[in-house]
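Structure record follows, encoded as structure tokens.
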Amino acid sequence: MTERGKNAIHRTANQFTIGPSQLSWNDNALTITINERVPLLGQRIQGTIKVFTEQLFNHVVALDDQQKHRWGPIAPSSRVEVSFNKPNLNWIGNAYFDSNEGDEAINKPFSEWDWSRAHLKDGSTAVIYDVRQKNGVEKVLATKFKLDGSTEDFLAPNRVELRKTGWRIQRNMRSESDHKVTVLNTLEDTPFYARSMIASNLLGEDVISMHETLNIKRLESNIVQFMLPWRMPRNPTRIY
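In numbering that gives the first Met the number 0, the protein residues as written are 0 to 239.
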């Protein structure tokens, strides 16, 4: 998660290099080679992540009224192989691969959002973006991405409030049944962002979703801005 300067970035048609790490694309597989250091402690993080896509999508939508922030799921359903030697870590599982881009800082239009994605019984992936903008306008995107490459929008169910995180961030989940919504595990709990696994009901199915909450007001706070460089170092040099 190190932020690097322009002189440490290089891109070709099939490869994107960021400092000592890189992403490369071959056929339907994305290989992410990581060679970084843990902030402050300095231990090496070295290994590869291979993402094998099942179906590619050319689907990009705006998240804000001014269309300055865009989201696109490249491969909502994928298979991942993780192999690290520092630390010794190996596993295989399901993956989700998307892209976000913006023409301005994220704190300009947004106040907060909840996002979730769930795999359905027919093999498709249902994604919900529940966005609240600073102008008071809410924008909800609910789309089903099918294995044949087609997409289908659906009506997002009602918003259900979940228990707050350890940092007291309010989480919300769109679910067709209030009493079936359960936070199974909180995987990442920070002052402005949380990632969780949540059980709920969607499109007539009981599902387990990967879920995230982003609180922009917290992100903008002086104390969080002070802490960020310790978690996400900024290295403008070519010294790795």
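Note that the Cβ used here is the ideal one computed from N, Cα and C, for glycine as well.
Any idea what DSSP makes of residue i, helix, strand or coil?
i, result
"His58", "coil"
"Gln66", "coil"
"Arg162", "coil"
Excluding the 5 residues preceding and the 5 following residue i in the sequence, name in chain order all residues of the same chain whose CB lies nearer than 7 Å to its CB.
i, result
"Phe51", "Asn27, Ala28, Ser77, Arg78"
"Trp166", "Asp188, Thr189, Pro190"
"Ser176", "Asn200"
Compute the distance between the beta-carbons of residue i and residue j, then report whether it is under 7 Å.
i, j, result
"Ile105", "Ser115", "no"
"Gln45", "Asn57", "no"
"Leu201", "Ala117", "yes"
"Pro38", "Pro232", "yes"
"Asn234", "Thr1", "yes"
"Arg237", "Asn6", "yes"
So, for residue i: in the same chain, excluding its five sequence neighbours on each side, which residues have a beta-carbon less than 6 Å away from its beta-carbon?
i, result
"Asn89", "Ser82"
"Glu219", "Asn106"
"Tyr95", "Pro75, Arg116"
"Asp152", "Thr142"
Determine the closest residue to residue i out of the options, with distance taken between C-alpha atoms.
i, options, result
"Ser195", "Val206, Leu183, Glu204, Thr189", "Leu183"
"Pro72", "Arg3, Thr142, Asp64, Asp102", "Thr142"
"Leu161", "Tyr95, Gln224, Thr181", "Thr181"
"Asp113", "Phe225, Arg173, Leu218", "Arg173"
"Lys120", "Glu2, Val206, Pro235, Ala74", "Val206"
"Lys85", "Met0, Gly41, Asn13, Thr11", "Gly41"
"Glu80", "Ile31, Ala125, Ala61, Asp64", "Ile31"
"Pro75", "Asn171, Val59, Thr212, Ile238", "Val59"
Beta-carbon within less than 8 Å of residue i's beta-carbon, same chain only, minus the 5 sequence neighbours each way: which residues are those?
i, result
"Thr20", "Residue 20 is actually Ser in this sequence, not Thr. Here the set comprises Ile31, Thr32, Ile33, Asn34, Glu35."
Decide if residue i is buried, meaning its Cβ has at least 16 other Cβ atoms within 10 Å, or exposed.
i, result
"Ser208", "buried"
"Val136", "exposed"
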